[in-house]
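Take a look at the structure below.
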Ligand SMILES: Cc1ncc(C[n+]2csc(CCOP(=O)(O)OP(=O)(O)O)c2C)c(N)n1
Ligand SMILES: Cc1ncc(C[n+]2csc(CCOP(=O)(O)OP(=O)(O)O)c2C)c(N)n1
Ligand SMILES: [Mg+2]
Ligand SMILES: [Mg+2]
């Protein structure tokens, strides 16, 4: 099977979807001729023409709003926001419109759009190229929110998202585009070509939305992670020697609560980790659900390890980033509590 | 002491602040000559002139953005968003700008603005006049978020917010403008003139940001509430006969965790209630903090009672609204767990 | 030399309550003088149309000039009936709200010509992205009044299942996109729909609608940028009814001469029309729609009209404008003007008009009776509480199913 | 008759990599022909300035026409030095990034005249709301280069404490508002600042800055609406450098003739200027600033220039435009043009220029050496981890204090 980077896998997903369905269109800032600043759409305009893949003016509200209108017509737009940090001008269209059109029109109109965006830090991008705004979407009824963590999933989830009849926020941890990153910024990164999850089938397949996966089975505790943090969690498990079960959530809404609950009931301990700022982050939702469903199985409070409640700093990136050392500390505390 | 409605109290706060400080300006859609669709700014233009209180074009991004520029100049703008449901076009200016200007400029520039907005349901306003978007602000580092629940607090908190050196999101539960509302929509509402918290001193005073208050002392459990839910919680306590301690959080960020923790350690049980949708709501944050700080004191999982994860419906408002019956059920379950 | 101090400028309407209405500063060009360029004219060759007012009916109710003649006698009579129906419908629903049968209503008083006449220029399959003040698109499109009322009453036959505020209709079949409570969002969506139609090589075009006040919103700009860049087959309508709740149009318009002029910076042909002149609205709509359908791209149209009623049932305009302003409005009343024209033509009479009023009213009353037999907001048949949980997604996810179960439905 | 099928239109640049640069479709008016209206001229009486290009230096480097003469000989020489300094600064920092001394850099190659000349038309106390491509405001304003470098290096003397991406400077004293990574937000903030100055009866004015691509953003519209409504004393600058990363200006401009024309719909005077002509930029800036300061309200200025370098150190333009496009750009290079003018005037020579280049470079190198002695991104002195937690609020709230403690700092 070919090994692809996550960028190539994402591109392949759009290629497959566009090839199968003429109604799939792709647009965004710099995505046409150039193929996107991360090159995720490279070659698509050449292959499918300027009507199917094209550059958009720099106006995120316009990009989302136009996609909504196209979806009402019957197309299936898959749009790119250049960085998740730049989605806010389009937030009204996502929250007030895309998320509610099916509901408010009782299905007269629907909104099958995918909003792709690179997310997360680890690239010295400072406050406006590093944010993880997933919690601003998971709170919005009517949206689905996906965070991919490897090429295989990225392709399968993106095809599933494009085929989904409802709006999907598709977050791509940019630090994972070229290889798994476990937070050890001082070590060379394995490229995806050396990783089994870099094996991506040609052609069509899906990874269903709403299903988590256990990346590392374990008995001592459960770690709930997504995106880059999946690798941080795996590294922390190895380094602490704690036999942690690492769950890659993949879809935040709808959430695979079954897999989570089964694991925590087994291990009795749980740590949630994400890169986003702490207060009001998605970890709060996860902790709440876990303590609700597993209260009498819990032997320690559910801990969370997150970005600090500050804007994402530039120079101090590695102090800010929740790496294996910080996660390991919380894991040990949770074992000892 | 005069008894005021919450509208009058809010108006009085702006009046006092404008009277004491020439740099306080007030603007927003319909707030000038007319005095706002809820009349919160009535009379201010007449009293302070068109340069201090004026109508704005219908452009929430413009309103917030202009306020940020004014604050950078040295003014202290207190702006109105006509309904919290309409804040999203201004969300980028709030999140990417207001919240981060002090940090990113290391204090060269600051952003002492207040963004007032009516929030919450209970008025048959449908999906675009009923939302409670507080969690979309509490997740954003650099913002403070306040929800008032009575005229006395509203005035004191709003003056404190205007005097605060940082941006404050000030949410006004519109169902409380004219009297406390406990969810019994079929009963007449007591006006504020009949309620002791309607007693509002003339002139200047503040209610400090970051301090919760116990509205009803109790021993059996702790209910964390804010805004309209404070009255729902009090009603549920009376109706269930459960001796609940009802805490009115008043400020969500920064949070008065001390008051919360002391109460839960005493009662051993806790229910969190809000009107906003459940997934990713601020209840998740509260539950997480409580279980973190009080895990070994908890005798039951911390429960949450919230709006459902749907847009706010029109006709079925009273099925959607988390009233005393729904809260009471959760309280009983928490007592029995 | 000490530089002079800066001054802060806030636009103000000419008159406030207590004053005498004064529209003498509103320039009203004579009917018939605006040219009618061919639909393939370059925008830069017709800029003056953004500054005048295209008018067909003159002060005596006779059609004049190059924009006259787009409608047959039957169509004119039908147009009058549509406007009268919308007005009667509004009056009854306004009253129903006062009677507590629903929570909220928004009427079209004085603006009936705009949406009813525009609708008649569209083809089946074309799509409107309306605001809350274009119910004339439904009335003139033949959408059943009783279905509109079911929605307004949130009753058991409400097509939107009680989820939406009254008047927030949606109908794909009738080319009426789901109304949003959030202003201006629909404007760029209309452009997106039109882009899609072009992408697919279709023949259907889109129409976006916005109010004068809402042109200040950012999505107005998004729509102009995208429409201009992709030459989208879309007609972008601005209904300038002079007011945005309590705020006069000068706050959104600022120093600009007209709202239509906003299109010039995008090289989008921009026309200003007498919005109270059924004939002018129809003629200009037809021109713009033809232009779009023939691949000449977008058109911006400003309809100059006046919101004679309150903003909504939550509003009392006497707090911010003279009570008699509507009467003083120089472009008159659209129903009266078309009526006069039909009488001039010998197609209509005062008597016939009274009779038509009675017919229209009885049609509205019959619809109302039927709708009320299926319930009103607080009485009779209701949508189910299950409908709160349905339709958030195509398929109900587990967490919503749990919540629905907790709700016991 | 079957109506014709709709077609989707996507604007394309004239040439792509592999092709020969072609600017023959860019109309370049002769220098000196644009009129210079008095600063109190009504916008409607000067619309043509939005469609031409105001140019002072002719093809031989001589100043011509009514916009000439705003600068003394000393000022011209100083201007040249500023541009040369900015260029040398850019070159060194670009290289420093390649050497791993920082993460990122953005240069001004080809656009040096715009911000340096504009800055000289401002008064102390005026405030700029810049983008990332106006460091010339700091250079020409006398801000220490070493402080800029400290910021770029995120070192121990970085005035922004390592929190910000390189080049995101902020200085109140030097009239330079904190740069945002989010495009266009600053445009309406500039208007707000100007409104505040007017509210206070101050004399200081504001200047907003935006790129051609970013005019498509919604806050461009917000700024125009508010500036027009409140007649804010603000100069709104559009730097049209033809490219927005890989996207040519036609995607943002769409069907419109010019970006400046966007102002006409708001009745804001709108001027288009040769952005590679130091004299023209200065003259027009001076005019607009005087207009603002004299209470005649906002002005929109489009600077026609060319981004000769890559968008940033993360970009390689050869993937989307011919490599030699910069050379073919018809308005030339701003440094070369001013140099030629000074030589014509007998104020300068090739020799003098070489010498000045050496002087400028040694100034930059000295600053760089000093800055590097305080650290670079990955080596030497660093801001503290405590600085991550400071400055989020004026006073650190309890939850941040807890997090700081957990971080062990
Ligand atoms: C984003 C947003 N902001 C504010 C409002 C509140 N609002 C509802 S209608 C209205 C006035 C709109 O005026 P205009 O566009 O002129 O339309 P008209 O009501 O006159 O038809 C306002 C401010 C809203 N619905 N949405
Ligand atoms: C809101 C937002 N969207 C997208 C981006 C990504 N981005 C950074 S620079 C840029 C191009 C801007 O082009 P232009 O406005 O022409 O300025 P120039 O770089 O040419 O000076 C883009 C799309 C951003 N920074 N912010
Ligand atoms: Mg209006
Ligand atoms: Mg550019």
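Chains as they are written, first to last, in the numbering used here: chain W, 432 to 768; chain L, 432 to 768; chain V, 3 to 411; chain F, 3 to 411. We put the CB at the ideal spot given by N, CA and C, even for glycine. Small disclaimer: the values here were computed from a predicted structure and weren't measured.
Cβ-heavy atom distance, residue i to ligand 2, below 6 Å
i: residue 92 of chain F; result: no
i: residue 121 of chain V; result: no
i: residue 239 of chain F; result: no
i: residue 6 of chain F; result: no
Through-space distance from residue j to residue i, alpha-carbon basis
i: residue 565 of chain W; j: residue 707 of chain W; result: 8 Å
i: residue 401 of chain F; j: residue 326 of chain V; result: 58 Å
i: residue 383 of chain V; j: residue 658 of chain L; result: 33 Å
i: residue 297 of chain F; j: residue 8 of chain V; result: 6 Å
i: residue 173 of chain V; j: residue 180 of chain V; result: 7 Å
i: residue 570 of chain W; j: residue 130 of chain V; result: 31 Å
i: residue 509 of chain W; j: residue 579 of chain W; result: 16 Å
i: residue 637 of chain W; j: residue 597 of chain W; result: 16 Å
i: residue 599 of chain L; j: residue 683 of chain L; result: 11 Å
i: residue 485 of chain W; j: residue 213 of chain F; result: 21 Å
i: residue 276 of chain F; j: residue 292 of chain F; result: 20 Å
i: residue 330 of chain F; j: residue 308 of chain F; result: 10 Å
i: residue 755 of chain W; j: residue 652 of chain L; result: 38 Å
i: residue 53 of chain V; j: residue 301 of chain V; result: 15 Å
i: residue 601 of chain L; j: residue 544 of chain L; result: 10 Å
Within chain V, partners of residue i - CB distance below 7 Å
i: residue 224 of chain F; result: 220
8 Å contact criterion, which residue i and residue j should meet: CB distance rounded
i: residue 115 of chain V; j: residue 336 of chain V; result: 4 Å
i: residue 408 of chain V; j: residue 391 of chain V; result: That belief does not hold up - the Cβ atoms of residue 408 of chain V and residue 391 of chain V are roughly 10 Å apart, past 8 Å.
i: residue 280 of chain V; j: residue 340 of chain V; result: 5 Å
i: residue 500 of chain L; j: residue 198 of chain F; result: 7 Å
i: residue 385 of chain F; j: residue 163 of chain F; result: 4 Å
Residue environment, residue i, which counts as buried when at least 16 other CB atoms sit within 10 Å
i: residue 215 of chain V; result: buried
i: residue 133 of chain V; result: buried
i: residue 62 of chain F; result: exposed
i: residue 185 of chain F; result: buried
i: residue 348 of chain V; result: exposed
i: residue 351 of chain F; result: exposed
i: residue 22 of chain F; result: exposed
Within chain W, partners of residue i - CB distance below 7 Å
i: residue 179 of chain V; result: 503 and 540
Cross-chain neighbours of residue i in chain V, by beta carbon under 8 Å
i: residue 528 of chain W; result: 182, 184, 187 and 191
i: residue 597 of chain W; result: 395 and 396
i: residue 560 of chain L; result: 167 and 183
Cβ-heavy atom distance, residue i to ligand 1, below 6 Å
i: residue 399 of chain L; result: Limits of chain L in this structure are 432 at one end and 768 at the other, which puts residue 399 of chain L out of reach.
i: residue 513 of chain L; result: yes
i: residue 529 of chain W; result: no
i: residue 185 of chain V; result: yes
Contact test: residue i Cβ vs ligand 4 heavy atom, cutoff 6 Å
i: residue 331 of chain F; result: no
i: residue 243 of chain F; result: yes
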